[in-house]
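Trainee: In my numbering, the protein residues as written are 1 to 647.
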Amino acid sequence: MKLNYRPEIDGLRAIAVLAVIFYHAQITILDHQPFQGGFIGVDIFFVISGYLITSIILKELITTGTFSFKYFYERRIRRILPALQLVMLVSFPFAWSYIIPGSFIDFSKSILYSLGFSSNFYFHFTGQQYGAESGLLKPFLHTWSLSVEEQYYILFPIILLITFKYLRKYLGLILTLGFIISLIFTDWSIKNYPSETFYFLHTRIWELLAGSILAYFEIQLGHRSENRILNLLLPGVGILLIGHSIFFFNDKMFHPSFYTLSPIIGVCLVVWFSGKNELITKILSSKLFVGIGLISYSLYLWHYPIFAFYRIKNFTPSEFDKVELIFLTFILSIISYFFVERPFRNKKFNFKKIIYILGFSFFIILSMNLIVIFNKGYETRFSFSNKPYYIKSKEFEVNYNYDDYSNKKNALIVGNSHGEDTLKILSLTNLKDKIYFNMASPKIRKDDYNFQIEYLLKFLEENKAKIDYYDKNWLDHLTKQYANADLIILTSDYSENDLKILDRLIQLLKLDNKKVIIFNNALEIKQQSSYNLNRLDYYVYKHKKLPKNKELKQIEKKMFEDIDNTREINMKIKEIAEKNNIYLIEREKIFCDLVKKKCPAVTDSGYKIYWDYSHITNEGAKYFAKKIQNNKLFLKYIERLLNITFN
């Protein structure tokens with residue numbers, strides 16, 4: 001069933017997409033980013049989608065008594081997939097040229113999940129925080145919202161049809177209750193489960209239902225507002241609410257939440273009260289706004305990969321660059337609108353042919369990205385002649401089990417992946433002749449790799465009793481490891497929660513008569529906006545050559561300056577160590593030269609020390625093992641602590 005065309009809806013789409021583009025572009029005026037709340041544009045789209053989809057379904061049900069799922073999904077396919085697959089196909093060569101292997105795998109996975117209408121789940125479960133700097137380098141992060149809408153398109157028509165058929169009298173009440181319950185739950189959830197709340201449908205459904213409620217009452221009444229005064233005043237109020245959210249919201253606030261209600265109400269006011277003779281409606285219905293609104297889907301699809309690939313290749317764009325990139329976004333969007341969107345939506349274009357074209361395109365996209373994943377991102381794309389320099393960290397045998405070495409002391413290492421680095425280093429020193437190093441397993445639960453310190457505390461506080469969130473094998477291992485440990489080594493990339501509980505954990509360990517030493521925080525030598533590349537790797541990636549001695553020295557000086565990134569955390573760790581009278585190993589004294597003010601990037605033999613922004617290679621572990629082995633004060637301390645003697 002055809003809806004009456006409302007040009008002001010396209011005008012709202014224009015505001016929404018421009019807000020999103022300016023937000024992601026990080027437009028800056030006089031050192032201020034005025035569009036910090038531009039992410040709200042996605043929420044505007046949700047309300048519009050809820051309104052239009054519900055209008056389509058209800059009008060067809062009321063007019064014909066039935067609903068054609070086939071026709072409904074045909075329209076969605078014509079609308080969504082052609083342009084989306086085009087952007088995916090065009091993006092692939094740029095990903096091949098610019099994205100490093102590990103991130104190339106991430107790129108391909110995000111494409112595959114987008115094809116399966118589930119990229120919102122992918123970005124949540126991979127820990128991608130929306131609005132974070134790292135997200136600006138993921139070309140298809142923006143497809144999370146498309147996945148939410150596509151999931152809505154799949155579920156909502158079925159639910160609405162059942163409700164209409166069996167509970168038609170209560171449909172308005174059910175929609176309203178659904179809106180209220182979802183909103184209240186969302187406001188609670190954002191404070192407890194922020195990532196799920198941002199990315200998932202169940203906490204966005206109230207925004208879609210806001211539009212659905214408008215559509216329901218419009219169809220029930222046969223019209224929208226007929227009050228002239230309200231029709232003149234409230235669309236302006238709606239625009240003010242939308243504008244306020246775009247210019248005064250920011251990504252530090254809880255969103256979505258009760259705060260988000262403000263722009264949602266604004267959109268509803270415009271949709272419900274707009275009329276032909278009203279100023280806001282005339283502005284939104286102007287050729288400029290309608291034109292941008294018509295290409296808004298293509299604009300949304302193109303803008304994010306364009307900016308992401310630019311940032312990957314060139315870092316942060318200048319303001320002039322941003323204008324050029326936005327101009328390019330418009331050019332590509334106009335082309336894809338007229339040559340892809342409109343032809344595929346034209347009913348004269350046989351749907352079977354569309355399915356064949358999209359099916360073939362789907363197969364190509366699927367095949368290319370699966371091949372990338374299976375081939376580990378094609379690491380050789382960025383290889384150079386000096387292979388030892390580029391050797392990455394090979395698999396290191398980490399011992400997560402306790403073995404009875406009666407002639408050795410036992411040291412249990414507790415920490416995350418940086419704890420594994422510590423294990424690499426210590427296991428390569430002559431300490432291994434008298435000390436057996438093993439590590440608490442990270443496999444507590446599938447998502448708990450980084451919570452070793454927290455779980456050791458819970459293990460001690462609950463007297464080693466079986467707790468339902470522990471994996472039994474892990475609990476058995478830790479019980480045995482802990483009981484036989486002569487020394488506990490705490491070493492991690494400490495989270496805020498780790499810092500809060502360190503003091504309590506150390507006190508419990510000492511009450512248990514455990515000897516404790518602690519490493520301070522891991523170094524972070526990350527080149528900003530570089531997909532977690534360290535400064536050395538980024539130089540090679542950007543210049544396509546190895547640094548000469550002069551450039552290498554500059555890189556190592558910069559790496560020394562990066563110590564400041566962890567200074568505040570390390571001060572807290574130092575205070576805790578001094579308070580509890582335990583030995584503190586300051587990583588910078590091992591990993592850097594404090595006199596020459598540099599942190600080495602390569603070993604004396606030319607092997608690369610770090611394989612990402614802070615984790616070390618096996619060659620790096622050997623290099624630092626020698627430095628520890630030469631640290632007589634540390635060795636003497638360990639001898640006294642464990643009552644052993646090294647040769």
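Glycine included, every Cβ here is placed at the ideal spot set by N, Cα and C.
#1: How is residue 601 classed by DSSP in three states: helix, strand or coil?
#2: So, helix, strand or coil for residue 439, using DSSP?
#3: For residue 610, which beta-bridge partners are listed by DSSP?
#4: Whole angstroms is fine: what's the gap from residue 5's alpha carbon to residue 239's?
#5: Once DSSP output is grouped into helix, strand and coil, what is the label at residue 39?
#6: Counting only C-beta atoms, is residue 106 closer than 7 Å to chain B at any point?
#7: Evaluate contact between the stretch 205-217 and the stretch 248-255, counting only Cβ atoms and requiring at least three cross-stretch pairs below 8 Å.
#8: Give the DSSP-derived three-state secondary structure of residue 205 in the structure shown.
#9: For residue 303, which of helix, strand or coil comes out of DSSP?
#10: Since residue 10 and residue 293 should fall inside the 8 Å C-beta cutoff, what is the C-beta to C-beta distance between them, to a whole number of angstroms?
#11: What residue range is occupied by the uninterrupted beta strand (DSSP E) comprising residue 487?
#12: Assess contact between the stretch 625-641 and the stretch 548-564, defined as three or more Cβ pairs (one per stretch) separated by less than 8 Å. Is contact present?
#13: Kindly identify the DSSP beta-bridge partner or partners of residue 584.
#14: Could you say which of 484, 83, 330 lies nearest to residue 361 if we only look at CA atoms?
#15: Answer yes if the stretch 346-353 comes into contact with the stretch 299-317, meaning at least three C-beta pairs across the two stretches below 8 Å, and no otherwise.
#16: Using CA coordinates, which residue listed in 438, 572, 257 is at the minimum distance from residue 198?
#17: Kindly indicate which residue of 121, 223, 172, 289 has the alpha-carbon position closest to the one of residue 8.
#18: Based on the DSSP secondary-structure assignment, which residues constitute the bridge partners of residue 650?
#19: What residues in its chain sit with their C-beta under 6 Å from that of residue 89, if we drop five residues either side in the sequence?
#20: Quick check on residue 132: does DSSP put it in helix, strand or coil?
#21: Kindly indicate which three-state DSSP category residue 593 falls into: helix, strand or coil?
#22: Just how far apart, CA to CA, sit residue 365 and residue 94?
#23: Which residues in the same chain have their Cβ closer than 7 Å to the Cβ of residue 398, if we skip the five residues on either side of it in sequence?
#24: Give the DSSP-derived three-state secondary structure of residue 641 in the structure shown.
#25: Hey, residue 494 and residue 521: beta-carbon distance below 7 Å or not?
#26: For residue 482, which residues from the same chain have a beta carbon less than 7 Å from its beta carbon, with the 5 sequence-adjacent residues on both sides left out?
#27: Do residue 624 and residue 585 come within 7 Å of each other at the CB atom, strictly closer than that value?
#28: Does DSSP put residue 227 in a helix, a strand or coil?
#29: Within 10 angstroms of the Cβ of residue 113, are there 16 or more other Cβ atoms? Answer buried if so, exposed if not.
#30: Out of 642, 140, 131, point me to the one whose CA is closest to residue 111's CA.
#31: Put residue 121 into one of helix, strand or coil per three-state DSSP.
#32: Taking the alpha-carbon positions, what's the residue 564 to residue 453 distance?
#33: Would you tell me roughly how many angstroms separate the C-alpha atoms of residue 335 and residue 200, rounded to the nearest one?
#34: Where DSSP assigns a beta bridge to residue 430, which residues make up the other side?
#35: With a threshold of 16 other CB atoms inside 10 Å of the CB of residue 132, please say whether the residue is buried or exposed.
#36: Leaving out the 5 sequence neighbours to the left and right, which residues in its chain are closer than 7 Å to residue 260 when beta-carbon positions are compared?
Mentor: Short version:
#1: Here residue 601 is taken as the residue at index 601 of the sequence shown, counted from 1. Coil, per DSSP.
#2: Against the sequence shown, residue 439 aligns to sequence position 439. Strand.
#3: The sequence position of residue 610 within the sequence shown is 610, counting from 1. 616.
#4: For this step, residue 5 is matched to residue 5 along the sequence shown. For this step, residue 239 is matched to residue 239 along the sequence shown. Between residue 5 and residue 239, the alpha-carbon positions lie close to 21 Å from each other.
#5: By one-based count along the sequence shown, residue 39 stands at place 39. Coil, per DSSP.
#6: Protein chains in the displayed structure number just one, and chain B is not present.
#7: The stretch 205-217 vs the stretch 248-255: no contact.
#8: As a working note, residue 205 is residue 205 in the sequence shown. In the three-state scheme derived from DSSP, where H, G and I count as helix and E and B as strand, residue 205 is classed as helix.
#9: As a first step, residue 303 is located in the sequence shown; it is residue number 303 there, counting from the start. Helix at residue 303.
#10: In the sequence shown, residue 10 corresponds to position 10, counting from 1. In the sequence shown, residue 293 corresponds to position 293, counting from 1. Right, their Cβ atoms sit about 3 Å apart.
#11: Position 487 of the sequence shown holds residue 487. Taken as a continuous stretch (DSSP letters only), the beta strand (DSSP E) holding residue 487 covers 487-490.
#12: no
#13: Your numbering for residue 584 matches position 584 in the sequence shown. Residue pairing by DSSP places residue 584 opposite 518 in a beta bridge.
#14: Counting from 1 along the sequence shown, the entry for residue 361 is found at position 361. Per the Cα distances, 83.
#15: Result no; under three Cβ-Cβ pairs closer than 8 Å.
#16: Mapped onto the sequence shown, residue 198 falls at position 198. Considering only alpha carbons, the answer is 257.
#17: Working through the sequence shown from its first residue, we reach residue 8 at position 8. It is 289.
#18: Limits of the chain in this structure are 1 at one end and 647 at the other, which puts residue 650 out of reach.
#19: If you number the sequence shown from 1, residue 89 lands on position 89. The answer is none, since no qualifying residue turns up.
#20: Counting from 1 along the sequence shown, the entry for residue 132 is found at position 132. Three-state result, residue 132: coil.
#21: Taking the sequence shown and counting its residues from 1, one reaches residue 593 at position 593. The answer is strand: DSSP assigns residue 593 an E or B state.
#22: To locate residue 365, count along the sequence shown from 1; it is residue 365. To locate residue 94, count along the sequence shown from 1; it is residue 94. When rounded, the distance between both Cα atoms is 14 Å.
#23: By one-based count along the sequence shown, residue 398 stands at place 398. The pLDDT assigned to residue 398 is 45, lower than 50, so where the model puts this residue is not dependable; a value taken from the coordinates is nonetheless given after this. If we look at residue 398 and ignore the five residues flanking it on each side, its Cβ neighbours are 420, 423, 439.
#24: To locate residue 641, count along the sequence shown from 1; it is residue 641. Residue 641 falls in the helix class under three-state DSSP.
#25: Reading the sequence shown from its first residue, position 494 is the one you call residue 494. Reading the sequence shown from its first residue, position 521 is the one you call residue 521. The answer is yes: Cβ separation under 7 Å.
#26: In the sequence shown, residue 482 corresponds to position 482, counting from 1. Spatial neighbours of residue 482 in its own chain (CB-CB distance under 7 Å, excluding positions within 5 residues in sequence) are listed in chain order as 412.
#27: Here residue 585 refers to the residue found at position 585 of the sequence shown. Here residue 624 refers to the residue found at position 624 of the sequence shown. Their beta carbons are not under 7 Å apart, which means residue 585 does not touch residue 624 by this criterion.
#28: Position 227 of the sequence shown, counted from the first residue, corresponds to residue 227. Note: residue 227 maps to coil in three-state DSSP.
#29: Residue mapping note: residue 113 aligns to position 113 of the sequence shown, counting from 1. Buried, by the Cβ-count rule.
#30: Your numbering for residue 111 matches position 111 in the sequence shown. It is 140.
#31: Position 121 of the sequence shown, counting from 1, holds the residue named residue 121. Helix at residue 121.
#32: As a working note, residue 564 is residue 564 in the sequence shown. As a working note, residue 453 is residue 453 in the sequence shown. If you take the alpha carbons of residue 564 and residue 453, they lie about 24 Å apart.
#33: Taking the first residue of the sequence shown as 1, we reach residue 335 at position 335. Taking the first residue of the sequence shown as 1, we reach residue 200 at position 200. For residue 335 and residue 200, the distance between alpha carbons rounds to 32 Å.
#34: Here residue 430 corresponds to residue number 430 of the sequence shown, with the count starting at 1. In DSSP, residue 430 forms no bridge with anything.
#35: One-based indexing of the sequence shown puts residue 132 at position 132. Residue 132 should be labelled exposed.
#36: In the sequence shown, counting from the first residue as 1, residue 260 sits at position 260. Counting only Cβ-Cβ distances below 7 Å, and skipping sequence neighbours, we find 43.
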